[in-house]
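Inspection log for the structure reproduced underneath, given as structure tokens.
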Amino acid sequence: MKLLIAILGLAIAAPAFAHGPTPRKTDEVVTVKAAPDAVWAKIADPCGIAKWHPEIKACEAVDDKTANLTLQNGGKLQQQVDELDVANKTLSYRLGGEIALEALPVSSLTGRIKVEADGSNSKVSWMARFYRFDTGNEPPEGQDDETAQNAVDSFIKAGLAGLESGK
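So the sequence shown is numbered by the working numbering: it starts at 7 and just counts up by one.
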């Protein structure tokens, strides 16, 4: 009887160890030496990201909520705007469609960019939540949490640096 209880206990507990990836996040904040309205105009422009983000080579607006982005490395991403809150200078978006590994090693990503006044400057915060590219229990190298975290951190920091530089 004790053996049966032990086996049942293992059978019930085993699925708890077989789970997918944990959501990851990136939160970065910079101060941009420009008025909030000027910074917001760059961010709110549907394809403005190609002007200020150094990793974006080109942008094609599909409609007022969707843009196809071509990266410097040739990868492609589709940005879908979920909410454009003009009053609060906040853009919420997600990556849509198929996300190619060479573009960004994530399986899904949602993000938010917010602009706030900081004296005569702007405080820009960029937050992203995402899952690694391979959502299985044992992802191969290059499709794991660390790779996804490093890539998203780098992408967001590069974009914020582009805004800081006044592009």
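Glycine is no exception: its CB is placed at the ideal position from the N, C-alpha and C atoms.
Ala41 and Lys82 have their C-alpha atoms some 31 angstroms from each other.
Contact between the region 125-138 and the region 149-162 is present: 3 or more CB-CB pairs across the two stretches fall below 8 angstroms. By the beta-carbon neighbour count (other beta carbons within 10 angstroms, threshold 16), Asp88 is exposed. Shown here, Ala73 sits in a strand according to DSSP, grouped into three states. No Cβ-Cβ contact shorter than 8 angstroms links Tyr99 with Ser114.
In the structure shown, Glu61 falls within a coil segment according to DSSP collapsed to helix, strand and coil. With contact defined as three or more Cβ pairs closer than 8 angstroms, the region 90-98 and the region 43-57 are in contact. Distance check between Lys71 and each of Gly142, Asp150, Glu104, Gln84 places Gln84 closest, using alpha-carbon atoms only. Pairing Gln149 with Glu104, the inter-Cα distance amounts to about 15 angstroms. The C-alpha of Asp51 is placed about 10 angstroms away from the C-alpha of Lys57. Of the residues assessed, Asp140 falls on the buried side of the cut-off, its CB having 16 or more other CB atoms within 10 angstroms. Note that the C-beta distance between Pro60 and Gly168 is below 8 angstroms.
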